[in-house]
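Numbering-wise (my numbering), the sequence shown opens with residue 725 and increments by one.
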Amino acid sequence: MDRQKLLAVLVTHLPDVRWLCGFTGSNAALVALRSAKGLKLHLFTDGRYTAQADTEVQGARVRIAKKNALAEALLLVTSGPASRCGFDATSTTVQTLHAMNQVLLDPSLTSPRSAAFLKPTQELVANLRQVKDPQEIDALRRAAALGCTLYEGMLGFIETGMRERDVAAELEHRARLAGAEAMSFETIVAGGVRSAMSHARATDAVLKPGTLLTMDFGVVLDGYCSDMTRTVFLAADPNVRSSPAKRERLACQRHVFDTVLQAQEAAVASVRAGLAAGAVDNAARSVLKSFGLAKTFTHSTGHGLGLEIHEGPRIGANGTATLQAGMTVTIEPGAYLPGEFGVRIEDTVLVTSAGCEILTPAYKGWVEL
Ligand code: ZN
Ligand code: ZN
């Protein structure tokens, strides 16, 4: 059945609910009903959120459920003409689906429905969310700018001898004081050999001179996430250049850094509306390949972001999604040499018809602290 013909869609993924009507509570089921008169949205939540829903919700009728918001949302659908109801298969658990079917099959209903009433759909709302409107772009721009300010401030704080955890704690503390509602994800601070792990969490490991330090973090402002990565060199101790072996090691770190930077800049330069995501990934990957580092780049080049830190489109090898003006995506190639070190450089960019605008313009070249 063509999804266009669905007369009813049930939305339970909270970021989708927020995007559709502004509600930020933790319990919500939104029903979108299509009729000749147009599309009507009904938001079901519970009594804890009566006042909050009142102030937040726009464009949807608020209904406070007596018992179960999801069940009452489904009952509204069954009372109308819809023969099927779409739901998001990617964010609905098996347990929730079972509970939904229990409601529909209840013999005490005027017209019980079969399990086939629920029609799985793939990221119906998530796909709409990929292209941002001006208000969303403004929030993303402010979040990204705050991330840059925080990063620049941290350059004056970081010293060898600190633990990764100290750096993460200071960064997060400063973020909250500056107005961030939360961090977009668990802050990554990875020094020395740990920088070779692309998603290392901040630990008690101590920052040592002569090593690289990767910081990957984001803040949330007005619900929208920022995301950026910078890699810096810890050079405070003059010993880092004291022997031929150390100088050779530094030259190797610098070479990998410069290559990743070149790959990142090539990918950013390639971005424009109409291009396939895979072509952007290829722009980064081919630079790393030309320097023999293809195998050290073990993840995709980037991802969309907005109300969630990972949204579509995925910027990966063979990605077929077409970039559109108004999408916000990250460009974050890296090179990871296990047991030695790693480098990642990440910007968030806004796709435009002519190219892109970098929302995270903090300096990304070689920095020695
Ligand atoms: Zn990141
Ligand atoms: Zn990212």
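Idealized CB from N, CA, C, for every residue including glycine.
Closest residue to residue i among the options (Cα-Cα distance)
{"i": "residue 1026", "options": "846, 1046, 1016 and 1001", "result": "1001"}
{"i": "residue 1054", "options": "1084, 1061 and 730", "result": "1084"}
{"i": "residue 908", "options": "967, 868 and 891", "result": "868"}
{"i": "residue 979", "options": "759, 1067 and 1044", "result": "1067"}
{"i": "residue 834", "options": "1080, 878, 851 and 800", "result": "800"}
{"i": "residue 937", "options": "757, 786, 1065 and 973", "result": "1065"}
{"i": "residue 682", "options": "783, 772 and 803", "result": "No answer is possible for residue 682: it lies beyond the span of the chain, which begins at 725 and ends at 1093."}
{"i": "residue 904", "options": "823, 1060, 781 and 870", "result": "870"}
{"i": "residue 1061", "options": "921, 928 and 764", "result": "921"}
{"i": "residue 1080", "options": "1021, 1018 and 996", "result": "996"}
{"i": "residue 1032", "options": "945, 1019 and 1023", "result": "945"}
{"i": "residue 852", "options": "827, 822 and 743", "result": "743"}
{"i": "residue 828", "options": "795, 759, 866 and 1018", "result": "795"}
{"i": "residue 886", "options": "859, 914 and 866", "result": "914"}
{"i": "residue 776", "options": "824, 899 and 749", "result": "749"}
{"i": "residue 764", "options": "929, 975, 840 and 734", "result": "734"}
{"i": "residue 779", "options": "999, 751, 745 and 826", "result": "745"}
{"i": "residue 1039", "options": "948, 752 and 1009", "result": "1009"}
{"i": "residue 884", "options": "1023, 832, 822 and 956", "result": "956"}
{"i": "residue 947", "options": "862, 832, 767 and 824", "result": "862"}
{"i": "residue 759", "options": "774, 1034 and 732", "result": "732"}
Beta-carbon gap between residue i and residue j smaller than 8 Å
{"i": "residue 1091", "j": "residue 1047", "result": "no"}
{"i": "residue 987", "j": "residue 1012", "result": "yes"}
{"i": "residue 848", "j": "residue 1030", "result": "no"}
{"i": "residue 1069", "j": "residue 1004", "result": "no"}
{"i": "residue 784", "j": "residue 754", "result": "yes"}
{"i": "residue 993", "j": "residue 1057", "result": "no"}
{"i": "residue 810", "j": "residue 738", "result": "no"}
{"i": "residue 941", "j": "residue 879", "result": "no"}
{"i": "residue 911", "j": "residue 926", "result": "yes"}
{"i": "residue 789", "j": "residue 770", "result": "yes"}
Unbroken alpha helix (DSSP H) run spanning residue i, endpoints
{"i": "residue 965", "result": "Careful: residue 965 lies outside any alpha helix (DSSP H) and carries neither H nor E."}
{"i": "residue 1071", "result": "Segment 1071–1075 is the beta strand (DSSP E) holding residue 1071; no alpha helix (DSSP H) there."}
{"i": "residue 878", "result": "858–878"}
{"i": "residue 802", "result": "793–802"}
{"i": "residue 828", "result": "818–829"}
{"i": "residue 946", "result": "Careful: residue 946 lies outside any alpha helix (DSSP H) and carries neither H nor E."}
Host beta strand (DSSP E) of residue i (start-end)
{"i": "residue 1028", "result": "1026–1028"}
{"i": "residue 1014", "result": "Per DSSP, residue 1014 belongs to no beta strand (DSSP E); it is in the alpha helix (DSSP H), 1001–1014."}
{"i": "residue 1035", "result": "1035–1039"}
{"i": "residue 812", "result": "809–812"}
{"i": "residue 767", "result": "762–769"}
{"i": "residue 844", "result": "842–845"}
{"i": "residue 1093", "result": "From DSSP, residue 1093 is part of no beta strand (DSSP E); its letter is neither H nor E."}
{"i": "residue 954", "result": "952–958"}
{"i": "residue 774", "result": "Per DSSP, residue 774 belongs to no beta strand (DSSP E); it is in the alpha helix (DSSP H), 774–780."}
{"i": "residue 1081", "result": "1080–1082"}
{"i": "residue 733", "result": "732–735"}
{"i": "residue 757", "result": "753–759"}
{"i": "residue 855", "result": "Unbroken run through residue 855: none, as it is neither H nor E."}
Where residue i falls, given that 16 or more other Cβ within 10 Å makes a residue buried
{"i": "residue 1071", "result": "buried"}
{"i": "residue 805", "result": "exposed"}
{"i": "residue 747", "result": "buried"}
{"i": "residue 897", "result": "exposed"}
{"i": "residue 1052", "result": "buried"}
{"i": "residue 881", "result": "exposed"}
{"i": "residue 725", "result": "Only weak support exists for where residue 725 lies, its pLDDT of 41 falling under 50; the value from the coordinates is given anyway. With fewer than 16 Cβ atoms within 10 Å of its Cβ, residue 725 is classed as exposed."}
{"i": "residue 1087", "result": "exposed"}
{"i": "residue 1077", "result": "exposed"}
{"i": "residue 1037", "result": "buried"}
{"i": "residue 977", "result": "buried"}
{"i": "residue 971", "result": "exposed"}
{"i": "residue 1044", "result": "exposed"}
{"i": "residue 916", "result": "buried"}
{"i": "residue 854", "result": "buried"}
{"i": "residue 856", "result": "buried"}
{"i": "residue 900", "result": "exposed"}
{"i": "residue 1042", "result": "exposed"}
{"i": "residue 839", "result": "exposed"}
{"i": "residue 727", "result": "With a pLDDT of only 46 at residue 727, under the threshold of 50, the placement of this residue in the model should not be trusted; the figure read from the coordinates follows. It is exposed - the Cβ of residue 727 has fewer than 16 other Cβ atoms within 10 Å."}
{"i": "residue 967", "result": "exposed"}
{"i": "residue 1028", "result": "buried"}
{"i": "residue 876", "result": "exposed"}
Any C-beta of chain D under 8 Å from that of residue i
{"i": "residue 751", "result": "Absence of chain D from the displayed structure is noted, only one protein chain being present."}
With three or more C-beta pairs closer than 8 Å as the rule, is the region 932–941 touching the region 958–968?
Note that the region 958–968 touches the region 932–941; at least 3 beta-carbon pairs, one per stretch, sit closer than 8 Å.
Would you call the region 844–861 in contact with the region 804–818, where contact means no fewer than 3 C-beta pairs closer than 8 Å?
yes
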